[in-house]
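To start, the structure under review is shown below, and the notes come after it.
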Amino acid sequence: MSETLTGAQALIKALEHEGVDVIFGMPGGAILPAYDPLYDSPIRHVLVRHEQGSGHMASGYAHATGRVGVCLATSGPAATNLITPLLDAYMDSIPVVAITGQVAQTSIGMDAFQEAHTWGISMPVTKHNYLITNVDEIPDVIREAFHLAATGRPGPVLVDVPKDILNDTLVWHKPGEMNLPGYKPSVKGHPKQVQSAIDMIHSAQRPVLYAGGGIIRANASDRLRRFAELSNLPTVTTLMARGAIPDSHELALGMPGMHGNYTAITAMQKADLLIAIGARFDDRVTGNVAAFAPEAKVVHVDVDPAEIGKVRNADVPIVGDADAVLEQLTFAMEHFLGSDPAPARTEWMETLAGWQRDFPLAYEQDPEGPIQQQYVIQEMHRITGGDAVVVAGVGQHQMWASQFWGFEKPRTWINSGGLGTMGYAIPAAIGAKAGAPDELVIAFDGDGCFQMTMQELVTASVEKIPVKIMVLNNSWLGMVKQWQKLFYNKRYSATDLTSHTPDFVGLAEAMGCAGIRAERPEEVGPAIEKALAINDRPVVVEFKCDPDAMVFPMVPAGGSNDDVVLSAEDLA
């Protein structure tokens, strides 16, 4: 029996058809017709306090669940407020579908109230986008948007819907068979290339398996671990791949890059073979590209062919899904080895073990204070046993969290890697908790980041989403201060927040959260215990931390990874 619906009703029904269980959004004029059927829908709507928050919540949801995150906004300024989270998702390959209202088609181009060229503005920051011009397109466009967001290299897709389309009517039809000419992402790698990779891996003396965020996106962590063990490959996990192999694993070297650990950085630099899977040779990993891993041949596996050869030439390029190609590589390696073990590479393994022993990540916590940020992170890990989803903002606290939290599982580390979006942590944590309500979700934030999106704590409070926000307050824009100290002769221009830091505990309580403060090292553990015991509302814990702490190791921007700086004294 045919069913006549408005475009707005069809939009919500299409989202239900895709299995959407939560939408993060805020109503407004052009999108208002869609909010009427949403009132009766089983889809949960989380009312944000700023549209940027809705985009980051959708991202956090997708990070934590592996499903497509959905955000909803009206036209004009609401749509432009989504641009930052869309670009953030685009840089980190996060599947998000954003739906925006648009002025009526008769008003497009007329400078109508709250009109913006959303389709054009969002084109560079999305994987694909749509402007719906016929109400009958809604079911198929929504299906396509979700397919595009979640397949191949995941990413954000925007659907712009004029108000007259939402008010028009159609006879409901389920989405038809998708016909997307030109969009056929590779899944399996070419067998000859896979065999070439196996030959190269087996003959390498100093190989490193270079795991990127694509491992997490492809749900390929189990296969990565199996292949690393089978092939005896020491493995680095980039900022976006933390948890892809357990940090406790004997083959795990930790995070490479600008603020990675010495062993991971130097292993890549001295390798004779890099097996990059789901990684894009980001500048924060490579440092000076011309000086990066000069003796290494490269096997590069990526679902996006545009990434292969973009930064570093690949000796063996393999286009395909990380999980599928790892399955092929594992099968081929098993066949190659037969009953023989993988090469022991004893000298290389002993060298790596020596670096791990001689250059560990370290800090000192004076019992008299001030509180060291690393100490807070390690205490939280100790008390929780590491059983949590960890979210971070951007800056020093992000690097310390990645360095000092032991990640054992995928999808337990959520951060803004490629774009480095300050203010990401609070909304992303809310989205993660909404998607994984049974998980403990902890956000480590800085006082600078916190003040960018703290209004979303009202959202968390009203919506009863009990996230734990740990504010590592050093009263500075810490990472910028670190650069000013090291490279700008201690000229601290516009980074000192000391005289402008608000009462975070008072703010938290005003927004319906529990507020806790720790000012001395001995107060850190009890403050964490108290925060973990409160589960009926969000909790904000402010830790008054060392204003002079700096993140090391460090490779100065544009420098060679051969020149790892282990302390400020190394730069003197």
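Here our numbering is used: the sequence shown runs in plain steps of one and ends on residue 836. Heads up, the beta-carbon is just placed ideally off N, CA and C, and yes, glycines get one too. Computed from a predicted structure; not experimentally measured.
Considering just the uninterrupted stretch of the alpha helix (DSSP H) at P766, what are its terminal residues?
On the sequence shown, position 502 is the one that residue 766 refers to. Segment: none, P766 is in no alpha helix (DSSP H) and carries neither H nor E.
Find out if the Cβ-Cβ distance for the pair N799, F768 is shorter than 8 Å.
Translated into the one-based positions of the sequence shown, residue 799 becomes position 535. Translated into the one-based positions of the sequence shown, residue 768 becomes position 504. No, the Cβ-Cβ distance between N799 and F768 is not below 8 Å.
Apply the 10 Å Cβ neighbour rule to Y752 and answer buried if 16 or more other Cβ atoms are within range, or exposed otherwise.
Numbered from its first residue, the sequence shown carries residue 752 at position 488. It counts as exposed.
W664 versus I647, Q636 and T676, residue with shortest Cα-Cα distance:
As a first step, residue 664 must be located in the sequence shown, where it is residue number 400. Looking at the Cα atoms, Q636 is the closest of the given residues.
Cβ distance (whole Å) where V640 is taken to contact V705 below 8 Å:
The residue labelled residue 640 in the question sits at position 376 within the sequence shown. The residue labelled residue 705 in the question sits at position 441 within the sequence shown. Between V640 and V705, the beta carbon gap of about 17 Å keeps them out of contact (Cβ cut-off 8 Å).
State the Cα-Cα distance for the pair L721 and A326, rounded to the nearest angstrom.
The residue labelled residue 721 in the question sits at position 457 within the sequence shown. The residue labelled residue 326 in the question sits at position 62 within the sequence shown. In a straight line, the C-alpha of L721 is about 20 Å away from that of A326.
Roughly how far, in whole angstroms, is the beta-carbon of A535 from the beta-carbon of P471, given that I think they are within contact range, below 8 Å?
For the purposes of this step, residue 535 is identified with residue 271 of the sequence shown, where counting begins at 1. For the purposes of this step, residue 471 is identified with residue 207 of the sequence shown, where counting begins at 1. Between P471 and A535 the Cβ distance is about 6 Å, and since that is below 8 Å, they are a contact.
First through last residue of the alpha helix (DSSP H) which encompasses V589:
Residue mapping note: residue 589 aligns to position 325 of the sequence shown, counting from 1. Note, V589: alpha helix (DSSP H), A586 to L601.
DSSP state of W436 mapped onto helix, strand, coil:
Counting from 1 along the sequence shown, the entry for residue 436 is found at position 172. Residue state, collapsed to three classes: coil.
Anyone know if the C-beta pair for I406 and L279 falls short of 8 Å?
The residue labelled residue 406 in the question sits at position 142 within the sequence shown. The residue labelled residue 279 in the question sits at position 15 within the sequence shown. A contact, by the Cβ cut-off of 8 Å.
Exposure of E401, with buried meaning 16 or more beta-carbon neighbours within 10 Å:
Reading the sequence shown from its first residue, position 137 is the one you call residue 401. Under this definition E401 is a buried residue.
Can you round the beta-carbon distance between G584 and S450 to whole angstroms, since I take them to be within the 8 Å contact cut?
Working through the sequence shown from its first residue, we reach residue 584 at position 320. Working through the sequence shown from its first residue, we reach residue 450 at position 186. With 8 Å as the limit, G584 and S450 qualify as a contact, their Cβ atoms being about 5 Å apart.
Going by the CB atoms, is the gap between M355 and G695 shorter than 8 Å?
Along the sequence shown, read from residue 1 onward, the residue named residue 695 stands at position 431. Along the sequence shown, read from residue 1 onward, the residue named residue 355 stands at position 91. Result no, Cβ atoms of G695 and M355 do not sit closer than 8 Å.
What are the start and end residues of the alpha helix (DSSP H) that includes G650?
Your numbering for residue 650 matches position 386 in the sequence shown. Per DSSP, G650 belongs to no alpha helix (DSSP H) and is neither H nor E.
Residue of G446, K427 and T717 minimising C-alpha distance to G416
Taking the first residue of the sequence shown as position 1, residue 416 is located at position 152. Selected option, being the one with the closest Cα: G446.
Check for me: the beta strand (DSSP E) holding T759 runs from which residue to which?
Residue 759 sits at position 495 when you count from the first residue of the sequence shown. It is not in any beta strand (DSSP E) - T759 carries neither H nor E in the DSSP assignment.
Apart from the five residues on each side of it in sequence, which residues of its chain come closer than 6 Å, Cβ to Cβ, to M522?
In the sequence shown, residue 522 corresponds to position 258, counting from 1. Result list for M522: R548 and V819, in chain order.
Just to confirm, are A698 and V425 a CB contact at a threshold of 8 Å?
Within the sequence shown, residue 698 is the residue found at index 434, counting from 1. Within the sequence shown, residue 425 is the residue found at index 161, counting from 1. No. Outside cutoff.
Own chain partners of F595 with C-beta closer than 8 Å, once the 5 adjacent residues on each side are dropped
Along the sequence shown, read from residue 1 onward, the residue named residue 595 stands at position 331. Excluding five sequence positions before and after F595, none of the CB atoms of its chain fall closer than 8 Å to its own CB.
Using the beta-carbon count (16 or more within 10 Å), is E793 buried or exposed?
To locate residue 793, count along the sequence shown from 1; it is residue 529. Counting Cβ neighbours within 10 Å, E793 comes out exposed, since fewer than 16 surround it.
Can you grab the Cα-Cα spacing for the pair D285 / D702, in whole Å?
Locating residue 285 in the sequence shown gives position 21, where the first residue counts as 1. Locating residue 702 in the sequence shown gives position 438, where the first residue counts as 1. Each residue's Cα considered, the two are about 15 Å apart.
Taking the alpha-carbon positions, what's the G742 to Q662 distance?
For the purposes of this step, residue 742 is taken as the residue at position 478 of the sequence shown. For the purposes of this step, residue 662 is taken as the residue at position 398 of the sequence shown. If you draw a straight line from the Cα of G742 to the Cα of Q662, it comes to about 11 Å.
Near G573, what residues of its chain come up, given a Cβ to Cβ distance below 8 Å and the 5 sequence neighbours on each side ignored?
Position 309 of the sequence shown, counted from the first residue, corresponds to residue 573. Here the set comprises H564 and P581.
On the premise that K427 lies in contact with P301, defined as a C-beta separation below 8 Å, what is that separation, rounded to the nearest angstrom?
Locating residue 301 in the sequence shown gives position 37, where the first residue counts as 1. Locating residue 427 in the sequence shown gives position 163, where the first residue counts as 1. Not quite, the Cβ-Cβ distance comes to about 14 Å (not below 8 Å), so this is no contact.
What whole-angstrom Cβ distance do N345 and H381 have, given they're in contact under 8 Å?
Walking along the sequence shown from the start, residue 345 turns up at place 81. Walking along the sequence shown from the start, residue 381 turns up at place 117. Rounded to whole angstroms, the Cβ separation of N345 and H381 is 15 Å, and the two are not in contact under 8 Å.
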